[in-house]
Amino acid sequence: MSKVIVSSLYDSDVFKMACRQFDVAADAISLPEAIRDRTKYPRRCLCVALPVRRDDGTVTVYEGYRVQHNLSTGPSKGGIRFHQNVTIGEVAALSMWMSWKCSLVGLPYGGAKGGVIVNPSQLSENELERLSRRYMQEMISVLGPDIDIAAPDVGTNEKIMGWMMDTYSNHVGHNEPAVVTGKPIALGGSQGRREATGAGVAYLVKKYLEDMKIPIKKSTVAIQGFGNVGSETALALAQFGAKIIAISDYTGGIYDAKGIDIQKALAYLQYAKTLKDYHLGESITNEQLLELKCTVLVPAALERVIHEKNAKKLRCQILAEAANGPTTNGADRLIEQRGDIQIIPDILCNSGGVVVSYFEWLQNRANYYWTRDEVIEKLYAILDKAKDSVEAQKRKFKFSRRLAALTLGIGRVAEAKQSRGLFP
Ligand code: NAD
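Just so we're aligned, residue 509 is where the sequence shown starts under the working numbering, counting upward by one.
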């Protein structure tokens with residue numbers, strides 16, 4: 509029997525949420541007690557101080573984290589978040605979801621995540637570059653193509669990944685593109701990586717609509733969060749023929765029952781930076797967006813936005829979790845009880861991003877690059893397989909779709925740990 513430890517280091521609502529998901533899944537597959545704790549808790553973390561010279565000559569010290577949840581199934585993999593509300597508990601929860609996601613879709617990776625407590629919109633480009641390089645410098649001992657591979661997440665992007673890759677490469681003395689994915693194409697980035705997460709979300713939504721016999725051309729979509737994932741999901745779904753009736757960012761949302769022109773909204777964002785004051789549509793709040801009547805609701809911003817207070821008010825038929833952890837466990841239970849909403853759980857729904865990150869890493873290591881069509885075709889094949897395995901697990905054990913996905917992901921990590929022994 510293993511002794512149950514409770515991690516005080518990561519203590520937070522979002523970490524408890526991920527732990528609870530683990531416990532429910534572990535019970536559902538009768539995971540032996542002896543393997544539970546080491547499959548559940550993160551393996552290690554590094555917390556760093558990041559002094560950055562500001563443009564006015566002063567120095568600000570930021571705090572940064574990297575949490576590596578699991579290194580038993582390959583090098584760990586996960587994005588880096590720059591956001592003012594980042595906590596080590598949030599980063600730990602995100603690292604757990606990365607483990608289960610990589611395992612669910614069959615990638616040879618464990619899970620990790622990074623974060624810095626900073627509002628990147630308040631830094632100049634030069635300050636952001638200094639912060640990004642300093643973060644990589646401090647993390648060099650725990651990152652590497654065979655150890656842990658970084659990627660973009662909320663508040664980080666291709667340019668930041670490029671600075672990080674350059675910092676790492678200068679340190680090791682040779683070009684090492686495979687330490688980071690989501691890089692600019694010129695530095696070894698993959699065709700299709702920028703749009704991969706959104707393209708994957710849209711593809712899975714299309715597949716589930718087909719299963720439900722709902723024509724995509726008659727479906728309406730509301731998307732919370734219009735960053736990389738939200739905007740790429742919107743573009744791909746619009747291309748499939750869906751009508752995007754609402755989008756939002758941290759300043760609030762826009763609603764138009766006739767459909768929003770996504771290209772126009774993106775062009776506006778290029779210079780205005782936020783959707784605030786966007787005139788083509790009616791202004792709504794983020795809370796109102798979640799409660800809109802629509803075929804597909806896509807939370808694509810932060811965790812825990814669907815909770816026990818608004819779960820009963822959702823009016824969608826599909827809840828496509830593009831964000832990580834957007835639905836609290838309490839809300840999840842309420843939605844299951846309602847029985848009228850199909851959830852595409854996060855670790856399946858947004859897995860397109862890490863799948864194409866894996867392709868980028870493979871291309872970097874082989875020094876052989878694929879076309880966009882090749883990338884998208886291989887991405888869809890992996891998503892089809894993952895969706896089929898989730899549906900089979902759901903049918904076989906009469907699980908919810910989330911439990912089916914979690915049990916597959918967690919079960920495979922546990923199996924690897926069991927086979928290897930106590931150390932990894
Ligand atoms: P991003 O920084 O590009 O965009 C985030 C968007 O959310 C922005 O539009 C921002 O304004 C908005 N936002 C922030 N706070 C908000 C709030 N309180 N209410 C409403 N909107 C808010 O980040 P992203 O890369 O698009 O990531 C979005 C989500 O997708 C995150 O949960 C992330 O973990 C997940 N995800 C990202 C990737 C990826 O490849 N980037 C892959 C898998 C999952």
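Ideal Cβ positions, reconstructed from N, Cα and C, are used throughout, including at glycine.
Beta-carbon proximity check, residue i vs residue j, cutoff 7 angstroms
{"i": "TRP671", "j": "GLU635", "result": "no"}
{"i": "GLY706", "j": "PRO660", "result": "no"}
{"i": "SER538", "j": "VAL921", "result": "no"}
{"i": "GLY618", "j": "LEU579", "result": "yes"}
{"i": "LYS469", "j": "SER603", "result": "Lying outside 509 to 932, the shown extent of the chain, residue 469 is not represented and no answer is given."}
{"i": "LEU558", "j": "TYR570", "result": "yes"}
{"i": "THR741", "j": "VAL709", "result": "yes"}
{"i": "ALA808", "j": "GLY738", "result": "yes"}
{"i": "LYS691", "j": "MET669", "result": "yes"}
{"i": "VAL662", "j": "ILE731", "result": "no"}
{"i": "ILE855", "j": "THR835", "result": "no"}
{"i": "GLY767", "j": "LYS784", "result": "no"}
{"i": "PHE590", "j": "PRO550", "result": "no"}
{"i": "VAL645", "j": "THR675", "result": "Inspection of the sequence shows that residue 645 is occupied by Gln rather than by Val. Cβ distance < 7 angstroms, so GLN645 and THR675 count as in contact."}
{"i": "ALA828", "j": "ILE852", "result": "yes"}
{"i": "VAL864", "j": "VAL804", "result": "no"}
{"i": "ALA534", "j": "ARG546", "result": "no"}
{"i": "LEU743", "j": "ILE724", "result": "no"}
{"i": "LEU612", "j": "GLY833", "result": "no"}
{"i": "TYR776", "j": "TYR786", "result": "yes"}
{"i": "GLY749", "j": "ILE884", "result": "no"}
{"i": "VAL522", "j": "CYS553", "result": "no"}
Reduced DSSP category for residue i - H, G, I as helix; E, B as strand; rest coil
{"i": "PHE590", "result": "strand"}
{"i": "SER927", "result": "helix"}
{"i": "LYS895", "result": "helix"}
{"i": "ARG841", "result": "helix"}
{"i": "TYR518", "result": "coil"}
{"i": "GLY761", "result": "strand"}
{"i": "PRO932", "result": "coil"}
{"i": "ASP881", "result": "helix"}
{"i": "GLU829", "result": "coil"}
{"i": "THR835", "result": "strand"}
{"i": "GLU571", "result": "strand"}
{"i": "ALA808", "result": "coil"}
{"i": "LYS821", "result": "helix"}
{"i": "ASP535", "result": "helix"}
{"i": "LYS524", "result": "helix"}
{"i": "GLY847", "result": "coil"}
{"i": "GLY861", "result": "helix"}
{"i": "ASP674", "result": "helix"}
{"i": "GLY697", "result": "coil"}
{"i": "ALA750", "result": "coil"}
{"i": "GLU868", "result": "helix"}
{"i": "MET509", "result": "For MET509, the pLDDT reaches just 44, beneath the cut-off of 50, and the residue's location in the model is therefore unreliable, leaving the point undetermined."}
{"i": "GLY652", "result": "strand"}
{"i": "PRO628", "result": "helix"}
{"i": "LYS725", "result": "helix"}
{"i": "LYS801", "result": "strand"}
{"i": "ALA585", "result": "Before going on, a small fix: residue 585 reads as Lys here, not Ala. It is a strand residue."}
{"i": "ILE918", "result": "helix"}
{"i": "ALA913", "result": "helix"}
Any C-beta of chain C under 7 angstroms from that of residue i
{"i": "ASP654", "result": "Checking the listed chains, one finds no chain C in this structure; it contains a single protein chain."}
Residue range of the unbroken alpha helix (DSSP H) whose run includes residue i
{"i": "ALA710", "result": "701 to 719"}
{"i": "THR466", "result": "Outside the modelled stretch of the chain, which goes from 509 to 932, sits residue 466, for which no answer is possible."}
{"i": "LYS603", "result": "Reading off the sequence shown, one finds Ser at residue 603, where the question assumed Lys. Segment 596 to 612, the alpha helix (DSSP H) holding SER603."}
{"i": "ASP545", "result": "541 to 548"}
{"i": "ALA686", "result": "Note, ALA686: premise wrong, no alpha helix (DSSP H); not H, not E."}
{"i": "ILE770", "result": "770 to 780"}
{"i": "SER640", "result": "633 to 647"}
Residue i, enclosing beta strand (DSSP E) - first and last residue
{"i": "LEU558", "result": "552 to 561"}
{"i": "ASP854", "result": "Here ASP854 belongs to no beta strand (DSSP E); instead the alpha helix (DSSP H) covers 854 to 857."}
{"i": "LYS621", "result": "618 to 625"}
{"i": "GLN732", "result": "728 to 732"}
{"i": "SER791", "result": "790 to 792"}
Check whether the stretch 842 to 851 touches the stretch 595 to 607, counting contact only when three or more Cβ pairs, one atom from each stretch, lie closer than 8 angstroms. no
Does the stretch 673 to 683 come close enough to the stretch 793 to 802 to have 3 or more Cβ pairs within less than 8 angstroms? no
Within 8 angstroms, do at least three Cβ pairs link the stretch 887 to 898 to the stretch 855 to 874? yes
Decide yes or no for the touch test of the stretch 898 to 912 against the stretch 521 to 536: beta carbon pairs closer than 8 angstroms, at least 3 of them. yes
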